[in-house]
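S.K.: If you count the sequence shown from 1, position 42 lands on 553 in the working numbering, and the numbers rise without skipping. Got a structure here, written out as structure tokens. Questions coming.
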Amino acid sequence: MRKTILITGGAGFIGSHLVRRLVKQYSQYHIVNLDVLNYAGNLQNLVEVESFDNYTFVKGDITDLPFIRSLFEKYNFDHVIHLAAESHVDRSIKDPLIFIKTNVLGTATLLQVAKESWDNDYDGKLFYHVSTDEVYGSLALDQGIFTESTPYDPKSPYSASKASSDHLVRAWAHTYGMPIVISNCSNNYGPFQFPEKLIPLFINNIIHRRNLPVYGQGLNVRDWLYVEDHASAIDLILHKGIQGETYNIGGHNEWSNIKLIELMCDMTDEKLERPVGSSRNLICFVEDRAGHDLRYAIDASKIEKDLGWKPSLQFEEGLSKTIDWYLMNTDWLDQVTSGEYLEYYDKMYT
Ligand code: NAD
Ligand code: TYD
512 MRKTILITGG AGFIGSHLVR RLVKQYSQYH IVNLDVLNYA GNLQNLVEVE
562 SFDNYTFVKG DITDLPFIRS LFEKYNFDHV IHLAAESHVD RSIKDPLIFI
612 KTNVLGTATL LQVAKESWDN DYDGKLFYHV STDEVYGSLA LDQGIFTEST
662 PYDPKSPYSA SKASSDHLVR AWAHTYGMPI VISNCSNNYG PFQFPEKLIP
712 LFINNIIHRR NLPVYGQGLN VRDWLYVEDH ASAIDLILHK GIQGETYNIG
762 GHNEWSNIKL IELMCDMTDE KLERPVGSSR NLICFVEDRA GHDLRYAIDA
812 SKIEKDLGWK PSLQFEEGLS KTIDWYLMNT DWLDQVTSGE YLEYYDKMYT
């Protein structure tokens with residue numbers, strides 16, 4: 512019998528890459544994509560698979576208990592891959608409560624309904640929780656890297672809400688025997704990322720010759736991974752991961768913000784046939800983010816050694832592909848920044 516897999520947040524950035532990958536590669540699975548279509552959720556990200564007969568989209572909220580119950584009753588899911596979340600740190604600083612509602616209550620709701628639905632018969636079942644390396648806190652510049660046993664020390668409302676959700680998943684495993692797996696990934700970049708996160712925001716601003724607001728001195732360090740490499744890691748963990756385990760995912764690819772921004776400026780200048788270096792004039796240093804984590808860096812040796820995963824792209828190659836995609840898809844950028852698509856889908860799905 513074919514497996515039915517619930518993917519939450521599949522209309523967002525990472526979720527849409529994962530949905531496209533699983534729908535196309537596994538015709539034996541029925542993929543049900545549940546997404547509330549907030550500002551970051553966009554069905555245009557999924558046009559490529561919308562007519563596949565092993566794919567179904569459902570608009571709905573993971574915090575809506577009766578609705579989630581009815582969904583599990585209807586589809587009888589074998590696996591849940593949970594990505595739905597509020598995902599942007601700046602928004603979590605301005606408006607933390609929606610992060611607690613979605614990321615904490617939403618995760619607990621899914622866990623509880625999965626437990627009720629599976630009713631202690633966990634054979635062939637899996638609750639896969641997609642999380643972030645930000646749960647581990649912040650590293651000093653010379654402080655080593657996050658491993659799976661680094662103690663949790665989240666510092667922003669976003670990372671604290673994700674840490675809470677990780678704890679809930681482990682609590683359901685420990686208390687009720689729920690078969691779970693968790694992965695904690697470093698910063699992703701690539702096509703279809705909402706242009707509020709650093710890389711797409713700055714590419715869009717370079718295209719429009721707008722200022723590039725660098726927080727603080729630009730010395731914070733992030734460890735970047737191409738989004739399709741994250742999707743390939745999730746696919747591998749889904750099929751080969753050991754239940755109850757945690758896997759860190761990352762590309763051993765640390766960049767200070769300022770070095771990365773300079774590289775983005777120069778690459779984009781070259782592609783737009785502007786004098787290389789001219790977009791660096793758009794860089795301006797602005798007030799630092801409150802509580803800005805200094806450095807994230809991930810040790811991905813466990814997934815490499817145990818499951819044989821490794822990233823497929825070198826960073827310069829991935830960044831070049833990403834800039835090309837945004838330059839080719841300025842309509843997408845214009846639509847998601849204008850909010851037009853939200854009005855369109857509100858009409859279609861509400
Ligand atoms: P995103 O903001 O692009 O997408 C999140 C999706 O969740 C959106 O489509 C949104 O509509 C949906 N959603 C939000 N609230 C919902 C609700 N109440 N019910 C149903 N759907 C809801 O985020 P992303 O960058 O794709 O991140 C996906 C997941 O991966 C998140 O759990 C995030 O914490 C995790 N993660 C992200 C990164 C990164 O660099 N972006 C790195 C590691 C882990
Ligand atoms: P972001 O993409 O928001 O990811 P995260 O905060 O989850 O790591 O930001 C990446 C880095 O870029 C982070 O150190 C904050 C910095 N940043 C800026 O300097 N300016 C900006 O406008 C944004 C959005 C981020």
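Beta carbons are placed, not taken as given, at the ideal position from N, Cα and C, and that holds for glycine. Since the model is a prediction, treat every value here as computed from it, not as a measurement.
Going by C-alpha to C-alpha distance, which of S675, F638, L637, D632 sits closest to E645?
M.R.: When each option's Cα is compared against that of E645, the closest is S675.
S.K.: Hey, quick one: how far does the alpha helix (DSSP H) through L747 stretch, first residue to last?
M.R.: Note, L747: alpha helix (DSSP H), 738-751.
S.K.: Where does P665 sit, in a helix, a strand or coil, going by DSSP?
M.R.: In the structure shown, P665 sits in coil (DSSP, three-state: anything other than H, G, I, E or B).
S.K.: Quick one: is the Cβ of I573 within less than 8 Å of any heavy atom of the ligand NAD?
M.R.: The answer is yes for I573.
S.K.: How many Å lie between I753 and S527 at the Cα?
M.R.: Whole-angstrom Cα-Cα distance: 25 Å.
S.K.: From the DSSP output, read off the bridge partner residues of W735.
M.R.: DSSP output for W735 lists N698 as bridge partner(s).
S.K.: Would you call the stretch 781-797 and the stretch 742-761 in contact, with 3 or more CB pairs under 8 Å?
M.R.: No, the stretch 781-797 is not in contact with the stretch 742-761.
S.K.: DSSP on T519, reduced to helix/strand/coil?
M.R.: Of the three classes helix, strand and coil, the one that applies to T519 here is strand, per DSSP.
S.K.: For the beta strand (DSSP E) that contains T643, what are its first and last residues?
M.R.: Segment 637-643, the beta strand (DSSP E) holding T643.
S.K.: Give the straight-line distance between the Cα atoms of D804 and K585, rounded to the nearest whole angstrom.
M.R.: So the alpha carbons of these two residues sit roughly 43 Å apart.
S.K.: Nearest-angstrom Cα distance between G617 and D575?
M.R.: Going from the Cα of G617 to the Cα of D575 covers about 8 Å.
S.K.: Out of K612, F610, F638, which has the shortest C-alpha to C-alpha gap to V692?
M.R.: Of K612, F610, F638, the residue nearest in Cα terms is F638.
S.K.: Excluding five sequence neighbours on each side, which residues of the same chain lie with their C-beta closer than 6 Å to the C-beta of A551?
M.R.: G523, F705, listed in sequence order.
S.K.: Which term fits L545, buried or exposed, when burial requires 16 or more other beta carbons within 10 angstroms of its beta carbon?
M.R.: With 16 or more other Cβ atoms within 10 Å, it is buried.
S.K.: Tell me whether A551 counts as near the ligand NAD, meaning its Cβ is closer than 8 Å to at least one heavy atom of that ligand.
M.R.: Under cutoff, so the answer is yes.
S.K.: Is it true that the CB of W735 sits closer than 9 Å to the CB of L771?
M.R.: Their beta carbons are under 9 Å apart, which means L771 touches W735 by this criterion.
S.K.: Specify whether the stretch 828-844 and the stretch 775-784 touch according to this definition: at least 3 beta carbon pairs, one from each stretch, less than 8 Å apart.
M.R.: At 8 Å Cβ cutoff, the stretches touch.
S.K.: Please list, in chain order, all residues of the same chain as N698 whose beta carbon is under 6 Å from its beta carbon, the five residues on each side excluded.
M.R.: So the list reads R733, W735, once near-sequence residues are dropped.
S.K.: Relative to the alpha-carbon of G788, which residue among I717, L679, K708 has its alpha-carbon at the smallest distance?
M.R.: Measuring from the Cα of G788, the nearest candidate turns out to be I717.
S.K.: At the level of alpha carbons, what is the spacing between D632 and M689?
M.R.: Looking at the two C-alpha atoms, the distance is approximately 9 Å.
S.K.: Can you list, in chain order, the residues of its chain whose CB lies under 6 Å from that of G727, leaving out five sequence neighbours each side?
M.R.: Correct list, in chain order: D799.
S.K.: Does the Cβ of H593 have 16 or more other Cβ atoms within 10 Å, making it buried, or fewer, making it exposed?
M.R.: Buried is the call here.
S.K.: Could you tell me if the beta carbon of K673 falls within a distance shorter than 8 Å of some heavy atom in the ligand NAD?
M.R.: K673: yes, Cβ under 8 Å from the ligand NAD.
S.K.: Beta-carbon within less than 7 Å of N556's beta-carbon, same chain only, minus the 5 sequence neighbours each way: which residues are those?
M.R.: These residues qualify, in order along the chain: A522, S527, F703.
S.K.: Check whether the stretch 593-605 touches the stretch 662-671, counting contact only when three or more Cβ pairs, one atom from each stretch, lie closer than 8 Å.
M.R.: Output reads yes: the stretch 662-671 touches the stretch 593-605.
S.K.: Have a look at G655, E828, F578, G701 and flag the residue whose alpha-carbon is nearest the alpha-carbon of T465.
M.R.: Summary: the structure shown does not reach residue 465, with the chain confined to residues 512 through 861, and so no result is reported for it.
S.K.: If I measure Cβ to Cβ from L730 and keep anything under 6 Å in the same chain, skipping five residues before and after, which residues do I get?
M.R.: Around L730: S767.
S.K.: Do you know whose CA, among V591, N565, N722, K535, lies nearest G520's CA?
M.R.: Here the closest residue by C-alpha is V591.
S.K.: The ligand NAD and C696: does the residue's C-beta get closer than 8 Å to at least one heavy atom of that ligand?
M.R.: Yes, the Cβ of C696 comes within 8 Å of a heavy atom of the ligand NAD.
S.K.: Given C696, which residues of its chain have a CB within under 6 Å of its CB, disregarding the five upstream and five downstream residues?
M.R.: Taken in chain order, the residues that qualify are H741, I760.
S.K.: Let me know the secondary structure DSSP gives V692 once reduced to three states.
M.R.: Reduced to three states, the DSSP call for V692 is strand.
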